[in-house]
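Here this note's numbering is used: the first residue of the sequence shown is 49, the next is one more, and so on.
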Amino acid sequence: MNPSRYTFGEAELAALRESVMGEMSPKRFHHTAAVEDMVTRLATLYCPDEIPALRAAALLHDITKEYDVRTHMALLAAAGQPLRKGEEYAHKTFHARTAALLIPDNYPVFNCETVVSAVRWHTTGREGMTLTEQLLYLADYIDESRIFPDCVRLRSYFWDGSPERMTVEDRLIHLRRTLIMSFDMTMRALLSEGAIISADTALARNELVLVELNGRR
Ligand SMILES: [Fe+2]
Ligand SMILES: [Fe+2]
């Protein structure tokens, strides 16, 4: 008996892993596999039923990261998704959108809302993020292949807090505070580069900060 509500399991995920390995550089695949491991650890703590979907989303999240800007623009235009003002300067965010766009046709087995939305929002975040979107976003930030100081600091903050020993409520608070730190780090890095900040990132951050300011637990 398969208790999962998903139609895909180990065999499909193994085939997907094989497929994406052939579509990206070894370095990118190393990161992708590390995100799959990290999101599995996170989902074990927060939503074990979603492990299959989050593993699939991790494998698919960067499938278009190595496409050039022209290809991203063509895919977005074909899907009727215009860029918002200034987004043409935020090239690093394109791949989340184009990867999500490719899933229905190229990976129909994994075409479900949980997978597609986690992929779609893994780079910028958004206001009203679902738990699964949050977990892929965080896994992408703190996977073990990351050695950038902010990533190492955030990974330590999250795991040194021993979330596995927390109550369900405290564990969610810990996740929220970790996400706020990640958005702050991302925005600080973008500010230091004089880069565009996605409105979705600012909205995602402010929504979580507001919960803290209102003192709600
Ligand atoms: Fe990405
Ligand atoms: Fe990534």
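Ideal placement from N, C-alpha and C gives every residue a C-beta, glycine not left out. All values reported here derive from a predicted model rather than from experimental measurement.
Proximity test, residue i beta-carbon vs ligand 1 heavy atom, cut-off 6 Å
i    : result
D110 : yes
T171 : yes
From the options, residue whose alpha carbon lies closest to that of residue i
i    : options                   : result
M69  : E217, P211, V216 and A106 : A106
K133 : A247, Y205, M121 and L258 : A247
R201 : V257, C95 and M229        : M229
K140 : R103, T215, M214 and T172 : T172
A187 : G242, G263, A81 and H143  : A81
T234 : I190, E71 and E260        : I190
R194 : D85, E66 and S67          : D85
L239 : M72, L61, T119 and A138   : A138
Where residue i falls, given that 16 or more other Cβ within 10 Å makes a residue buried
i    : result
W207 : exposed
F56  : buried
F196 : exposed
A104 : buried
P100 : buried
L123 : buried
A125 : exposed
R145 : buried
R236 : exposed
N262 : exposed
A252 : buried
L258 : exposed
Distance cut-off 6 Å: residue i Cβ against heavy atoms of ligand 2
i    : result
D198 : no
D188 : yes
Minimum Cβ-Cβ distance from residue i to chain D less than 7 Å
i    : result
L149 : Absence of chain D from the displayed structure is noted, only one protein chain being present.
Exercise. Say whether the stretch 92-100 touches the stretch 167-182, bearing in mind that this needs 3 or more beta-carbon pairs closer than 8 Å, one atom from each stretch.
Key: yes
Quiz item: Per the contact definition of three or more C-beta pairs closer than 8 Å, is the stretch 143-152 in contact with the stretch 161-169?
Solution: yes
Quiz item: Using 8 Å as the threshold, is the stretch 202-222 in touch with the stretch 113-123, meaning 3 or more CB pairs across them?
Solution: no
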